[in-house]
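Structure first, then comments.
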Amino acid sequence: MNITQAFGMGLGGIPLLSSAKTRSISAENPTGEPGGGAKAVPAPGEPAGRIGKGWKVHPSIPLQPGETATIADVEGPGVIQHIWIGVPHKAYRDCVLRFYWDGEETPSIEVPLGDFFANGHGLRTQVTSMPVAVNSTGALNCYWPMPFRKRAKITIENQRWELFEGFFYQITYAMQEVPDNAAYLHAQWRRAVTRREHPEYTILDEVRGKGHYVGTYLAWTQLANGWWGEGEIKFFLDGDDEYPTICGTGTEDYFGGAWGFYGPDGREQPYSTAFLGLPLVVHEPNEVPKYGLYRWHIMDPIRFEQDLKVTIQALGWWPDGTFQPLEDDIASTAFWYQAEPHTPFPALPGAEQRWPR
Numbered sequence: 005m006n007i008t009q010a011f012g013m014g015l016g017g018i019p020l021l022s023s024a025k026t027r028s029i030s031a032e033n034p035t036g037e038p039g040g041g042a043k044a045v046p047a048p049g050e051p052a053g054r055i056g057k058g059w060k061v062h063p064s065i066p067l068q069p070g071e072t073a074t075i076a077d078v079e080g081p082g083v084i085q086h087i088w089i090g091v092p093h094k095a096y097r098d099c100v101l102r103f104y105w106d107g108e109e110t111p112s113i114e115v116p117l118g119d120f121f122a123n124g125h126g127l128r129t130q131v132t133s134m135p136v137a138v139n140s141t142g143a144l145n146c147y148w149p150m151p152f153r154k155r156a157k158i159t160i161e162n163q164r165w166e167l168f169e170g171f172f173y174q175i176t177y178a179m180q181e182v183p184d185n186a187a188y189l190h191a192q193w194r195r196a197v198t199r200r201e202h203p204e205y206t207i208l209d210e211v212r213g214k215g216h217y218v219g220t221y222l223a224w225t226q227l228a229n230g231w232w233g234e235g236e237i238k239f240f241l242d243g244d245d246e247y248p249t250i251c252g253t254g255t256e257d258y259f260g261g262a263w264g265f266y267g268p269d270g271r272e273q274p275y276s277t278a279f280l281g282l283p284l285v286v287h288e289p290n291e292v293p294k295y296g297l298y299r300w301h302i303m304d305p306i307r308f309e310q311d312l313k314v315t316i317q318a319l320g321w322w323p324d325g326t327f328q329p330l331e332d333d334i335a336s337t338a339f340w341y342q343a344e345p346h347t348p349f350p351a352l353p354g355a356e357q358r359w360p361r
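The sequence shown maps to residues 5 to 361 in the numbering used here.
Here is the structure:
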């Protein structure tokens, strides 16, 4: 390892000079072009009407019902470094984020807005992790590096029946060369109720090509009494059939907990750390229990050469000490990097099929 490589590891790379050019897209500069920000002219009666342009004239865009807005469309090569979005939490399941790399026709990322930022169930949840941070009053932040070579396009679709007057966003990227071995970020959302006769939930399937799996977010709704997380996660790699190469030991174990996540009160205790967490625990009268869980494989990516399938079981306990198959409502967002092209995603369920219980 030479001295430049050593400096480039983690925070050590901050002092190094680079020929990369930083750009940032927002409603104030929708193209990210140099010198292109803060040009909007305020209308009479607007907050900046008395002081003129350059003073927070156009900080957000409206999202009409049924509208798909393009919030970034830039030429490469480059790397998206940070995304910040501010919008009411009722948009979290009814608005859909899509990312298209290098002019592809189908998106590599297609996820309800909140779930992409580890905020499922349509609920605002504080998250403190390395690639995702959601702070008080709902500021959504993403630090997943997203390289692209020719073009990056990001859209947001409002599938709700009402207008969002203020959709705030900032997308910061670096115009720079992309190494030949850099893969593209993908993310896919699914939802199903597990079946008692075979309570296995599919997080991801039909992935073809070379890549590495980097993250799981689950929005889990418990539909039975008792403990719900006895099931194992399984990674089927490169031709695995009946048996997986990687098999976990329990749901709470995979997400970095143990013994049911229980605290002194005998209930699941929320936590949020750099790579794994249970940031959401909902136990309310007249409500089904809800949980949000994430595991980021940043230090331990799951690498595959040909194909990948990921599943998790929904198991509890019968009174006689045997496993109880559960019929729970699970929604998942899987994150992985791979070389393009990718296989087509399953059709994203409509808004009413995404609404939380």
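The beta-carbon is built from N, C-alpha and C at its ideal position, and this holds for glycine as well.
Hey, how far is the Cα of E344 from the Cα of A187?
8 Å
Can you grab the Cα-Cα spacing for the pair W321 / G260, in whole Å?
21 Å
Contact check, I207 vs I29 under 8 Å by CB: the rounded distance?
That belief does not hold up - the Cβ atoms of I207 and I29 are roughly 31 Å apart, past 8 Å.
With a threshold of 7 Å on Cβ separation, who are the neighbours of D333 within its own chain once the five nearest residues in sequence on each side are excluded?
V197, T225, L227 and R361
With DSSP collapsed to three states, give me the class of H346.
coil
Report yes if the CB atom of W396 is closer than 7 Å to the CB atom of F152, and no otherwise.
Only positions 5 to 361 of the chain appear in the structure, and residue 396 is not among them; the question remains open.
With H, G and I counted as helix, E and B as strand and the rest as coil, what does DSSP make of S140?
helix
Between the alpha carbons of F11 and P183, how many angstroms are there, rounded?
Since pLDDT at F11 reaches only 47, below the 50 mark, its modelled position is unreliable, and the value read off the structure follows with that caveat. For F11 and P183, the distance between alpha carbons rounds to 18 Å.
Strictly under 7 Å for the Cβ-Cβ distance: is A47 near chain D by that measure?
Given the protein chain composition of this structure (a single chain), no chain D is represented.
If you draw a straight line from the alpha carbon of R195 to that of E50, how long is it in whole angstroms?
43 Å
Going by C-alpha to C-alpha distance, which of A137, G267, Q180 and Y173 sits closest to A24?
Q180
The region 118-134 touching the region 34-54, judged by at least three CB pairs closer than 8 Å:
no
Around the Cβ of F239, are there at least 16 other Cβ atoms within 10 angstroms (buried) or fewer (exposed)?
buried
The alpha helix (DSSP H) spanning F259 covers which residue range?
Where F259 is concerned, there is no enclosing alpha helix (DSSP H), given that its DSSP letter is neither H nor E.
For Y217 and I316, the rounded distance between their alpha carbons:
15 Å
Are R102 and P111 touching if we call contact CB-CB under 7 Å?
yes
Name the DSSP beta bridge partners of M134, please?
For M134, which the question treats as bridged, DSSP gives no partner whatsoever.
Measuring alpha carbon to alpha carbon, tell me which of A44, S64 and I65 ends up nearest I363.
Lying outside 5 to 361, the shown extent of the chain, residue 363 is not represented and no answer is given.
In the DSSP assignment, what are the bridge partners of T225?
K294 and D333
Do T129 and P293 have their C-beta atoms closer together than 7 Å?
no
Top-ranked residue by Cα proximity to E272, from S140, N290, R358 and Y295:
Y295
Measuring straight from C-alpha to C-alpha, what distance separates I306 and G58?
47 Å
Between T72 and E161, is the Cβ-Cβ spacing less than 7 Å?
yes
Identify which residue in I84, T253, V91 and K214 has its Cα closest to the Cα of G126.
V91
Grab the span of the alpha helix (DSSP H) containing E356 for me, first residue to last.
A355 to R358
Taking only the alpha-carbon atoms, compute the straight-line gap between S140 and K94 and give it to the nearest angstrom.
16 Å
Helix, strand or coil: how does DSSP classify D98 here?
coil
Give the range of the alpha helix (DSSP H) segment to which F121 is assigned.
Here F121 belongs to no alpha helix (DSSP H), and DSSP marks it neither H nor E.
Short Cβ contact (7 Å threshold) for I84 with M150:
yes
For a quick check, are the C-beta atoms of E256 and G233 less than 7 Å apart?
yes
Opening and closing residue of the beta strand (DSSP E) in which Y188 lies
Y188 to V197
Among M303, F349 and D245, whose alpha-carbon lies nearest the alpha-carbon of E109?
F349
H86 by DSSP, collapsed to three states: which one?
strand
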